[in-house]
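Asker: Keeping their order, the protein sequence lines are chains G and U. Just so we're aligned: 240 in this note's numbering is position 130 of the first sequence, and the numbers increase by one with no gaps anywhere. Just so we're aligned: 411 in this note's numbering is position 216 of the second sequence, and the numbers increase by one with no gaps anywhere. First, the structure itself, so that you have it in front of you.
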Amino acid sequence: MVTAQFKKFIEAVGSATIENIQGLGNICQFIFKFFYWVLKPPFRFKLFAEQFYFIGNKSLFIIILAGSFTGMVMAYQTYFGFKLINVDSLVGSVVAISLAKELAPVLSGLIVAGRAGAAMAAQIGTMKVTEQVDALEVMGIDSYQYLAVPRIIASTIALPMLSIVFLFVGNVGSFIVGTVALLIDETMYLSKLGEFMFIGDLVQGIIKATVFGFLIAVIGTYFGFNVTKGAEGVGKGTNLAVVWGMISVLVLDYFLTSFLIQVL
Amino acid sequence: MKFDNPAIEINNLTKQFGKHTVLNNLSFSIPKNKITTILGFSGAGKSTLLKHILGLHQPTSGTVSVLGNDLKSLDPMKLREFRQNFGMLFQYAALFDSMTAVENVAFPMKEFTDFSYEERIKKAQDLLISVGIKEVSFGGLPSELSGGMRKRVGLARGLALNPHIMLYDEPTTGLDPITTKMVNDLIVDTASKNSDRGMTSIIISHDVKATLRISDFVAFLDRGNIVEYLPVEEFKKSTNPLVQEFINL
Chain G
111 MVTAQFKKFI
121 EAVGSATIEN
131 IQGLGNICQF
141 IFKFFYWVLK
151 PPFRFKLFAE
161 QFYFIGNKSL
171 FIIILAGSFT
181 GMVMAYQTYF
191 GFKLINVDSL
201 VGSVVAISLA
211 KELAPVLSGL
221 IVAGRAGAAM
231 AAQIGTMKVT
241 EQVDALEVMG
251 IDSYQYLAVP
261 RIIASTIALP
271 MLSIVFLFVG
281 NVGSFIVGTV
291 ALLIDETMYL
301 SKLGEFMFIG
311 DLVQGIIKAT
321 VFGFLIAVIG
331 TYFGFNVTKG
341 AEGVGKGTNL
351 AVVWGMISVL
361 VLDYFLTSFL
371 IQVL
Chain U
196 MKFDNPAIEI
206 NNLTKQFGKH
216 TVLNNLSFSI
226 PKNKITTILG
236 FSGAGKSTLL
246 KHILGLHQPT
256 SGTVSVLGND
266 LKSLDPMKLR
276 EFRQNFGMLF
286 QYAALFDSMT
296 AVENVAFPMK
306 EFTDFSYEER
316 IKKAQDLLIS
326 VGIKEVSFGG
336 LPSELSGGMR
346 KRVGLARGLA
356 LNPHIMLYDE
366 PTTGLDPITT
376 KMVNDLIVDT
386 ASKNSDRGMT
396 SIIISHDVKA
406 TLRISDFVAF
416 LDRGNIVEYL
426 PVEEFKKSTN
436 PLVQEFINL
């Protein structure tokens, strides 16, 4: 009895492992396909512009909202900790560095994964189950080049821009809370910011956001193309795109941080 | 049945998915400028056969030749270009839901011709009129069109590049009897309008009544093989028990 249960357990672990390795292999193939198709004409600027507008402009409001409140909260939290050791003048620089290196790219990435990653999976998934993807192929149009490439390029370019907006409004929020509510001297706040914040911090955040943007779109479009079984499948694909998009941002953030700290 | 200079020639086509054989050493040819229907039960391999004709699936063994070209010998880019010889009406029309009716029809011309925007729209409108779509519906999104209208728009889109072969995948599935008749009449009408340039029509169906009414030739596919292939009048008299069972259902 116990042996049979153990055998079943080993089988389940084995098949889950094989499935995950296969999935990883498929995503790698999917990425290689991008580098193949991105260089091949026709270049679809209109589709790119539409996606860039959707991912960039349409995410702007939520990015501004999230960025400003994150900056304000960070200023409060840092202030009360730093006041205990009498270094409250460093609030501005600490918030700015945290935002530049971590919070702006990661939180922007999570927002875009939830918003645009889900939309990509749902749009392509719906096209797949309603045979619109097949229709493209029958016409002689590569569905990957038509649907995935513009989305991946748009997301890769839009996310660093959104991250910069997040960083800017976050710092504005932090400055307002720091100087108006917490009464930190304005000149002190700004001089410490200039003293401790370096261009490398900014570059680190932009590199991270670029990688996250690429990955979120790859995952969103991958799950869209792999949708099966009608509306239920579209829902499942969308859900997987959001979950794996967010997990990838968080996990990759660790590896990118450990790498970039050494090179920048 | 063998034809001289056929539109499609299939020789010893076998397709396996893992251990499961879907098409089993299948050989037959489809004549040019005729309506040929491939009938069969669900799961008989009709859709897989269609995907081989389109070059979307690679055979496990055997060859598929379309208009004298062995699809295996074409590299992926050439195969993509070659597919412009096909037009297809999908089961549920498969219109792009973000485009209007006229944009759907103009889309293949935008991708593959040098027509100006005005020329594309004019040609798309003419095609829509030719399949019976009224001007008021030109700007309608697919979600705003009825099932029958979507099929008409899908057919117009399939005809946009003047294909040599027009494929119909279960064209009447899910339609009411009046719309079914309308779609069948449209298939015959389209075939006759394009007969001067030798357009071949291939229908994948399990609608026996419609098949016997509109086809020139009927092939019956069962478990991955053609078990009967005759001109329609002879097909009606077939003594094959499977065919008789299907006809008399």
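Every residue gets a Cβ at the ideal spot worked out from N, C-alpha and C, and that includes glycine.
(1) Considering just the uninterrupted stretch of the alpha helix (DSSP H) at U/N299, what are its terminal residues?
(2) Helix, strand or coil for G/P260? Go by DSSP, reduced to three states.
(3) Relative to the alpha-carbon of G/L149, which residue among G/Y256, G/G166, G/N196 has its alpha-carbon at the smallest distance?
(4) Can you give the beta carbon distance from G/K302 to G/G202, rounded, assuming they're within the 8 angstroms contact cut?
(5) I'd like to check one pair, U/G257 with U/R352: are the Cβ atoms closer than 9 angstroms?
(6) Which residues in the same chain as U/Q211 place their Cβ atom closer than 6 angstroms to its Cβ, once the five residues preceding and following it in sequence are excluded?
(7) Taking Cβ to Cβ, would you say U/P303 is nearer than 9 angstroms to U/L245?
(8) If we call anything under 9 angstroms between Cβ atoms a contact, is U/T395 one with U/T231?
(9) Taking U/K227 as the reference, give the member of U/L354, U/D391, U/K404, U/I442 with the closest Cα.
(10) Anything in chain U within Cβ reach of G/G334, meaning under 7 angstroms, just list it in chain order.
(11) Under the rule that 16 or more other beta-carbon atoms within 10 Å means buried, what is U/H359, buried or exposed?
(12) I'd like to know whether the C-beta atoms of U/G349 and U/L290 end up nearer to each other than 9 angstroms.
(13) So, does the CB of U/F281 fall closer than 9 angstroms to a CB anywhere in chain G?
(14) Start and end of the alpha helix (DSSP H) containing U/E429?
(15) Let me confirm a value: U/P366 is counted as buried when at least 16 other C-beta atoms fall within 10 Å, else exposed. Which label applies?
(16) Identify which residue in U/L340, U/R278, U/Q253 has its Cα closest to the Cα of U/D292.
(17) Compare the C-alpha of G/G288 against each of G/T331, G/I251, G/T367, G/F192 and name the closest.
(18) Touch check for the stretch 352-369 of chain G and the stretch 322-329 of chain G: three-plus C-beta pairs under 8 angstroms?
(19) Would you decide whether G/T127 is buried or exposed? Buried here means 16 or more other CB atoms lie within 10 Å of its CB.
(20) U/I203 and U/V261: beta carbons closer than 9 angstroms?
(21) Identify which residue in U/G327, U/S222, U/S410, U/V217 has its Cα closest to the Cα of U/N207.
(22) Quick check: what's the CA-CA separation for G/V239 versus U/S387?
(23) Three-state secondary structure (DSSP) at G/S169?
(24) Quick check on this structure: which residue in G/G310, G/G283, G/V359, G/V313 has the alpha carbon closest to the alpha carbon of G/I174?
(25) For chain U, check one thing: does any of its Cβ atoms lie closer than 9 angstroms to the Cβ of G/T71?
(26) In three-state terms, what does DSSP make of G/Q255?
(27) Measuring straight from C-alpha to C-alpha, what distance separates U/F430 and U/F415?
Answerer: The answer reads as follows:
(1) Residue 299 of chain U sits at position 104 when you count from the first residue of the second sequence. Taken as a continuous stretch (DSSP letters only), the alpha helix (DSSP H) holding U/N299 covers 296-307.
(2) Along the first sequence, one-based indexing puts residue 260 of chain G at 150. In the structure shown, G/P260 sits in a helix (DSSP, three-state: H, G or I).
(3) Residue mapping note: residue 149 of chain G aligns to position 39 of the first sequence, counting from 1. Considering only alpha carbons, the answer is G/Y256.
(4) Within the first sequence, residue 302 of chain G is the residue found at index 192, counting from 1. Within the first sequence, residue 202 of chain G is the residue found at index 92, counting from 1. That pair is a contact at about 6 angstroms.
(5) Along the second sequence, one-based indexing puts residue 352 of chain U at 157. Along the second sequence, one-based indexing puts residue 257 of chain U at 62. In this structure, U/G257 does not lie closer than 9 angstroms to U/R352 by Cβ.
(6) As a position in the second sequence, residue 211 of chain U is number 16, starting the count at 1. Excluding sequence neighbours, U/Q211 sits near T255.
(7) Position 108 of the second sequence holds residue 303 of chain U. Position 50 of the second sequence holds residue 245 of chain U. No. Outside cutoff.
(8) What you label residue 395 of chain U is simply residue 200 of the second sequence in a count that begins at 1. What you label residue 231 of chain U is simply residue 36 of the second sequence in a count that begins at 1. Inclusion of U/T395 and U/T231 in the CB contact set at 9 angstroms is warranted, their separation being smaller than that value.
(9) Translated into positions along the second sequence, residue 227 of chain U becomes position 32. Out of U/L354, U/D391, U/K404, U/I442, U/D391 has the C-alpha closest to the C-alpha of U/K227.
(10) Your numbering for residue 334 of chain G matches position 224 in the first sequence. Correct list: empty, because the minimum Cβ distance to chain U is about 15 angstroms.
(11) Stepping through the second sequence from its first residue, residue 359 of chain U is reached at position 164. Result: buried.
(12) Within the second sequence, the letter at position 154 stands for residue 349 of chain U. Within the second sequence, the letter at position 95 stands for residue 290 of chain U. Yes, Cβ-Cβ distance for U/G349 and U/L290 is below 9 angstroms.
(13) Numbered from 1 along the second sequence, position 86 holds the residue referred to as residue 281 of chain U. Yes, because at least one Cβ of chain G sits closer than 9 angstroms to the Cβ of U/F281.
(14) Position 234 of the second sequence, counting from 1, holds the residue named residue 429 of chain U. 427-431 is the extent of the alpha helix (DSSP H) around U/E429.
(15) Position 171 of the second sequence, counting from 1, holds the residue named residue 366 of chain U. Answer is buried; the Cβ neighbour count reaches 16.
(16) As a first step, residue 292 of chain U is located in the second sequence; it is residue number 97 there, counting from the start. Taking only the C-alpha atoms, the option nearest U/D292 is U/L340.
(17) Position 178 of the first sequence, counting from 1, holds the residue named residue 288 of chain G. Considering only alpha carbons, the answer is G/F192.
(18) yes
(19) Numbered from its first residue, the first sequence carries residue 127 of chain G at position 17. Classification of G/T127: exposed, given that the 10 Å Cβ count is below 16.
(20) As a first step, residue 203 of chain U is located in the second sequence; it is residue number 8 there, counting from the start. As a first step, residue 261 of chain U is located in the second sequence; it is residue number 66 there, counting from the start. Going by C-beta atoms, U/I203 is nearer than 9 angstroms to U/V261.
(21) Mapped onto the second sequence, residue 207 of chain U falls at position 12. Taking only the C-alpha atoms, the option nearest U/N207 is U/S222.
(22) Here the question's residue 239 of chain G lines up with position 129 in the first sequence. Here the question's residue 387 of chain U lines up with position 192 in the second sequence. If you take the alpha carbons of G/V239 and U/S387, they lie about 32 angstroms apart.
(23) Start at 1 with the first residue of the first sequence, and residue 169 of chain G comes out as number 59. Three-state result, G/S169: helix.
(24) The residue you call residue 174 of chain G lines up with position 64 of the first sequence. G/I174 has its Cα closest to that of G/G283, out of G/G310, G/G283, G/V359, G/V313.
(25) No information on residue 71 of chain G is available, as it lies outside the stretch 111 to 374 that chain G covers here.
(26) Here residue 255 of chain G refers to the residue found at position 145 of the first sequence. The answer is helix: DSSP assigns G/Q255 an H, G or I state.
(27) As a working note, residue 430 of chain U is residue 235 in the second sequence. As a working note, residue 415 of chain U is residue 220 in the second sequence. Distance between the alpha carbons of U/F430 and U/F415 is about 9 angstroms.
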